[in-house]
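**Student:** For reference, the structure I am asking about is given below.
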Amino acid sequence: MGITVIEQAKIQAQVLVPLIKALQAELGEARANSLVRKALGETYRRHGEEFWRAKNEKNLGKENLGKANLGKTMASAFATYARDDALDYRVVTQSQDAFEIDVTGCRYAEFYKELGEPELGFLLVCSADFDTAEGFDPDIKLARTQTIMQGAGHCDFRYRRSKEVD
Numbered sequence: 017m018g019i020t021v022i023e024q025a026k027i028q029a030q031v032l033v034p035l036i037k038a039l040q041a042e043l044g045e046a047r048a049n050s051l052v053r054k055a056l057g058e059t060y061r062r063h064g065e066e067f068w069r070a071k072n073e074k075n076l077g078k079e080n081l082g083k084a085n086l087g088k089t090m091a092s093a094f095a096t097y098a099r100d101d102a103l104d105y106r107v108v109t110q111s112q113d114a115f116e117i118d119v120t121g122c123r124y125a126e127f128y129k130e131l132g133e134p135e136l137g138f139l140l141v142c143s144a145d146f147d148t149a150e151g152f153d154p155d156i157k158l159a160r161t162q163t164i165m166q167g168a169g170h171c172d173f174r175y176r177r178s179k180e181v182d
């Protein structure tokens, strides 16, 4: 079945956390974090594109990827991120043009809190959500007002298609 996303995050943290801390010491926190977001953003966008294409291309064909069922595709994505008991969540809305969930338990956040680095967890894990969503489709927008990583009781993911599918 391969390595799970949470296992990947833990392995990456072994290298990225000390690297980012060194960059922050050298460049200042704001500049270092901006550099990290910029460097990783394109990678996460490409990951989103590849995921979206892989999940939908065989069913819809390349010319119809924008008509993919947002709820069904995002449910599959969250199942991938939740593997290995990484997330507890409840689906609020799932339809052709919307997918809304509340994450109520997050082992990614627990891991970074155990490291004493929740801010870096937000930078490396939570910030990637927006870049990944951009990669799915230009018409899909993610809104999120809070995260467990930043101390909230739950994360509120709200994916919506900005224009309706025919």
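Here our numbering is used: position 155 in the sequence shown is 171, and no number is missing along the way.
For each residue, glycine too, the CB sits at the ideal point set by N, CA and C.
These numbers come from a predicted model, not from an experiment.
1) Which stretch, first to last residue, makes up the alpha helix (DSSP H) that contains residue 161?
2) Across the region 46-63 and the region 162-177, are there enough close Cβ pairs to call them in contact, namely three or more that are closer than 8 Å?
3) For residue 51 and residue 107, what's the separation of their Cα atoms in angstroms?
4) Rounded to whole angstroms, what is the Cα-Cα separation between residue 177 and residue 55?
5) For residue 156, which of helix, strand or coil comes out of DSSP?
6) In three-state terms, what does DSSP make of residue 133?
**Tutor:** Put simply:
1) Taken as a continuous stretch (DSSP letters only), residue 161 belongs to no alpha helix (DSSP H), as it is neither H nor E.
2) no
3) 34 Å
4) 27 Å
5) strand
6) coil
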